[in-house]
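Enquirer:
2 protein chains.
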Amino acid sequence: MGLSTPKVLNKKEVARTRLFRIEEMNLRFSNGVERTYERLAGFNSGHSAVMVVPLLDDERFVMIEEYAAGTEDYQLSLPKGLVEPGEDLLDGANRELMEEAGYGARHLERLTELTLSPNYMTHRMQVVIARDLYEKRLQGDEPEMLGVHIFRFDQLSELVQRPDFTEARAMVALFMARDLLGQ
Amino acid sequence: MGLSTPKVLNKKEVARTRLFRIEEMNLRFSNGVERTYERLAGFNSGHSAVMVVPLLDDERFVMIEEYAAGTEDYQLSLPKGLVEPGEDLLDGANRELMEEAGYGARHLERLTELTLSPNYMTHRMQVVIARDLYEKRLQGDEPEMLGVHIFRFDQLSELVQRPDFTEARAMVALFMARDLLGQ
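So the sequences go chain by chain: D and G.
Under our numbering, think of the first position of the first sequence as 1, with each following residue one higher.
Under our numbering, think of the first position of the second sequence as 1001, with each following residue one higher.
1. For a contact defined as C-beta to C-beta under 7 Å, what are the partners of residue 6 of chain D on chain G?
2. Quick one: using the 10 Å Cβ neighbour count with 16 as the cut-off for buried, is residue 163 of chain D buried or exposed?
3. Can you tell me the Cα-Cα spacing of residue 237 of chain D and residue 59 of chain D, whole angstroms?
4. Run down chain G in chain order and give the residues with a C-beta less than 9 Å from the C-beta of residue 75 of chain D.
5. From residue 1138 of chain G to residue 1099 of chain G, what distance separates their C-alpha atoms?
6. Give me, in chain order, the residues of the same chain whose beta-carbon lies closer than 8 Å to that of residue 66 of chain D; leave out the 5 immediate sequence neighbours on both sides.
7. For a minimum of 3 consecutive residues, which ranges assigned as the beta strand (DSSP E) are wholly contained in the stretch 2-35 of chain D?
8. Excluding the five sequence neighbours on either side, which residues of its own chain have a C-beta within less than 8 Å of the C-beta of residue 113 of chain D, listed in chain order?
9. At least one CB of chain D closer than 9 Å to the CB of residue 1018 of chain G: is that the case?
10. Just confirm the distance between the C-beta atoms of residue 1041 of chain G and residue 37 of chain D, as a whole number of angstroms; I'd bet it's less than 8 Å.
11. Give the range of the beta strand (DSSP E) segment to which residue 77 of chain D is assigned.
12. May I have the straight-line CA-CA distance separating residue 1063 of chain G from residue 1027 of chain G, to the nearest angstrom?
13. So residue 1143 of chain G contacts chain D; which residues on that side make the cut at Cβ distance below 7 Å?
14. What do you get for residue 50 of chain D, buried or exposed, if any count of 16 or more other CB atoms within 10 angstroms of its CB means buried?
15. Tell me, to the nearest whole angstrom, how far the beta carbon of residue 1008 of chain G is from that of residue 17 of chain D; I am working on the premise that it is less than 8 Å.
16. Go to residue 1175 of chain G, then tell me how far its alpha helix (DSSP H) extends in each direction, as first and last residue.
17. Can you tell me whether residue 1092 of chain G is helix, strand or coil according to DSSP?
18. Got a sec: is the Cβ-Cβ distance from residue 1070 of chain G to anything in chain D below 9 Å?
19. To be precise: take each residue of the stretch 52-64 of chain D, compare its Cβ to all Cβ atoms of chain G, and keep it if any distance is under 9 Å. Which residues remain?
20. Pull out every residue of the stretch 150-178 of chain D whose Cβ sits closer than 7 Å to any Cβ of chain G, in chain order.
21. Shorter than 9 Å from the beta carbon of residue 1100 of chain G to some beta carbon of chain D?
22. For residue 1166 of chain G versus residue 71 of chain D, is the C-beta distance shorter than 9 Å?
23. Do the CB positions of residue 82 of chain D and residue 117 of chain D come within less than 9 Å of each other?
24. Would residue 1088 of chain G and residue 1105 of chain G be called neighbours here (beta carbons separated by less than 9 Å)?
25. Rounded to whole angstroms, how far is the Cβ of residue 61 of chain D from the Cβ of residue 174 of chain D, which I believe are closer than 8 Å?
26. Closer than 8 Å by beta-carbon distance: list the chain D residues that pair up with residue 1040 of chain G, in chain order.
27. Report the partner residues of residue 127 of chain D according to the DSSP bridge assignment.
28. Any Cβ of chain C within less than 9 Å of the Cβ of residue 82 of chain D?
29. Alpha carbon to alpha carbon, what distance is there between residue 1122 of chain G and residue 1023 of chain G?
30. Below 7 Å on C-beta distance, what does residue 1014 of chain G contact in chain D?
31. Pull up the distance between the alpha-carbon of residue 29 of chain D and that of residue 53 of chain D, whole angstroms please.
32. Which whole-angstrom value describes the C-beta separation of residue 168 of chain D and residue 1033 of chain G, a residue pair presumed to lie in contact below a C-beta threshold of 8 Å?
33. Flag residue 147 of chain D as yes if its beta-carbon sits less than 9 Å from any beta-carbon of chain G, otherwise no.
34. Are the Cβ atoms of residue 1097 of chain G and residue 1079 of chain G separated by less than 9 Å?
35. Please report the Cβ distance between residue 159 of chain D and residue 178 of chain D, rounded to the nearest whole angstrom; I am assuming they are in contact, meaning their Cβ atoms lie under 8 Å.
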């Protein structure tokens, strides 16, 4: 909305691990101020990430319960994962839904794109709404069977206050789905 | 809700930069399966991160517009930053509000805690609602003056679809504030 984007004077990789890649960027802002920024890149090795809101009907949705190594506890979330090379976004969403929640969907639709922390991370995630579900389980690469739980949209305000549901992207996806269904 | 947390067999740092620290964890799940996980730790060097929802009244809120090095464009977000050592959470929230948006608040209240990606990151952020605002600007460490914009909660559904507003945590904070005000 006005300002011209800072000039990237230099960009280099400063660390790389199995999963993560960290870049350092030298920037010159339009007012002449120069700064060195670090950002997390390649969080998902170039593959599209996708998260699914599985709707059982207009009032209920499916969540998974999975061990989260970042917070070191079991957390509620929505089915999610990486789209495979050559795989369509909606097909990847349906596959993750089958692997993690044990449901397939006859109707899938892209809802939006979310970032995690646009200041510090290049990561983007596509959000897909899945409707007209049927029971179907595919074997994924999870180390253990994930918990599957059904909640109602009229419980959402309380759900987002639970200590075992903290993931902002899944919350946004559910708030947006609730708005969509309420229209 | 049932499963016992995996045993952490080993945890070590595999990379460290100015801003980020990456850890590798060896885990044994309760079914005996062993896995090696990587996670991003120390995203904010142990300081509490805080995000502020500044309410002008029951219908309008203040957003900032800032260059985001992760997505390499200007993005809308809410004022946010790190609480300083010895600083109270609400005082830190008010300071960031003054530095980034040019407002102080007479009433601040903690709303919730959010994670970014609990599977891969230890990061947590506190969300604070700020009311009864007055004009007050403090000098921060931003490389340039941030844009300040006022929006209405009845615009939120359209706002979250804008390509320059993608940050999941700020969206959740606004959806939760809207629910709170609607009660």
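C-beta: ideal position from N, C-alpha, C; glycine also.
Remember, predicted model here, so these are calculated numbers, not experimental data.
Expert: Let me lay it out:
1. 1067
2. exposed
3. Only positions 1 to 183 of chain D appear in the structure, and residue 237 of chain D is not among them; the question remains open.
4. 1115, 1118 and 1119
5. 5 Å
6. 74, 75, 77, 100, 142, 146 and 147
7. 7-16 and 21-28
8. 124, 125, 126 and 127
9. yes
10. About 20 Å separates the two Cβ atoms, so there is no contact after all.
11. 73-77
12. 41 Å
13. 29, 33 and 35
14. buried
15. Actually they do not touch by this definition, with Cβ atoms about 18 Å apart.
16. 1168-1182
17. helix
18. yes
19. none
20. 157, 160, 161, 166, 167, 168, 169, 171, 172, 175 and 176
21. no
22. no
23. no
24. no
25. 7 Å
26. 20, 40 and 70
27. D:51 and D:112
28. Checking the listed chains, one finds no chain C in this structure; the protein chains it contains are D and G.
29. 10 Å
30. 17
31. 39 Å
32. Rounded, the Cβ-Cβ distance is 29 Å, inconsistent with contact.
33. yes
34. yes
35. Not quite, the Cβ-Cβ distance comes to about 11 Å (not below 8 Å), so this is no contact.
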